[in-house]
Each structure stands twice: as C-alpha cells, then as structure tokens.
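Just below is one structure, and these are the notes that go with it.
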Amino acid sequence: MAHKQFTDSKGTEWFVFDVTPRADERRSYDRRRDGRAQAPDDRRSEDRRVAVSGQRPPRFTKGWLCFEKEGERRRLQPIPDGWTSLTDAQLEQLLESASIAPVRRRPIADRSANER
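For any residue, its number in the numbering used here is found by taking its place in the sequence shown, counting from 1, and adding 167.
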C-alpha cells in the first residue's frame, strides 16, 4: 500500500493511500442476481430492494484511492497510474472527483487500548 500526505488549497491536510482488495475478497458476480445465492425454498417472487437512484454504486473490486482527513473519507476508482508522484494541486483535483465514503469508527475497547 502506497501512501502520501498533501495539503489542499484551503490548507487542509489529507492522507491518501491506495487500497487493493485481495483476490479472495473480490466478488466477480452479483450474488443477489446469481441463482447460487438463493435457497431452494426461497419463495420471494419479486425484488424488494429499494434503490435511492436509478444508478448503482460502482464496484470497488479493482482497488481505489482513499483520501482521509479528520472526520471525512473519500474514494476514487480506478487508481490513477503514477498517483504517488502527483503534485498537491493534482491530488486535490482527484480529491474533488472522489465520492464521499462512510468513516468507520473503531470500537471503544480498541480506542482506549491505543490511547495508552
């Protein structure tokens, strides 16, 4: 995993790193649409999932760049070639096109152990 810190034009420091899932973590098919995922006694006749928009989120199977600052995380896919040698201004352009991602909180037990 390569990583880099940069400062955007507003003076905010960002930490950026690439994420590439292992081959066994990548899903090459949509398990909800594949017949293998349904039990033989599954009697649902219609798809009850609700879509917020008509567009599905992209699959992040080939990796992405993760941009992080305190309280915010963004993802950009695909990973641009040579991103580690880009200038702060170029990284900021990539940041602007990245999608906002949820920030995961560590459990309290993990945080207290790291604070000691």
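Built from N, CA and C at the ideal position, the CB exists for glycine as well.
The model shown is predicted, which means the values in this text are computed figures rather than measured ones.
Please state if the CB of residue j and the CB of residue i are separated by a distance shorter than 8 angstroms.
i, j, result
"Leu-232", "Leu-253", "no"
"Arg-241", "Ala-265", "yes"
Cutting at 8 angstroms between CB atoms, please list the residues of its own chain near residue i, excluding the five before and the five after it.
i, result
"Gly-230", "Asp-185, Val-186, Thr-187, Pro-188, Gln-244, Pro-245 and Ile-246"
"Glu-168", "Note that residue 168 is Met in the sequence shown, not Glu. Once the five neighbours on either side are set aside, the close Cβ partners of Met-168 are Phe-184, Asp-185, Val-186 and Thr-187."
"Thr-251", "Ala-169 and Lys-171"
"Thr-179", "Lys-236"
Is DSSP giving residue i helix, strand or coil here?
i, result
"Asp-185", "strand"
"Gln-260", "helix"
"Arg-272", "coil"
Just reading off the beta strand (DSSP E) that residue i is part of, what are its end residues?
i, result
"Ala-268", "266 to 268"
"Leu-253", "Premise fails: Leu-253 is in no beta strand (DSSP E) and is neither H nor E."
"Glu-235", "231 to 236"
"Thr-174", "170 to 174"
What do you reckon, is the C-beta of residue i under 7 angstroms from a heavy atom of the ligand SAH?
i, result
"Leu-261", "The model depicted lacks the ligand SAH and carries no ligand whatsoever."
Below 6 angstroms CB to CB, which residues in the same chain sit around residue i once its five sequence neighbours on both sides are set aside?
i, result
"Leu-258", "Phe-173"
"Val-270", "Arg-240"
"Phe-182", "Gln-172 and Glu-235"
Assign residue i to buried or exposed, taking buried as 16 or more other Cβ atoms, counted over all protein chains shown, within 10 Å of its Cβ.
i, result
"Pro-274", "exposed"
Leaving out five residues before and five after residue i in sequence, what residues of the same chain have Cβ atoms less than 7 angstroms from its Cβ?
i, result
"Ser-176", "Glu-259"
"Ile-267", "Arg-241"
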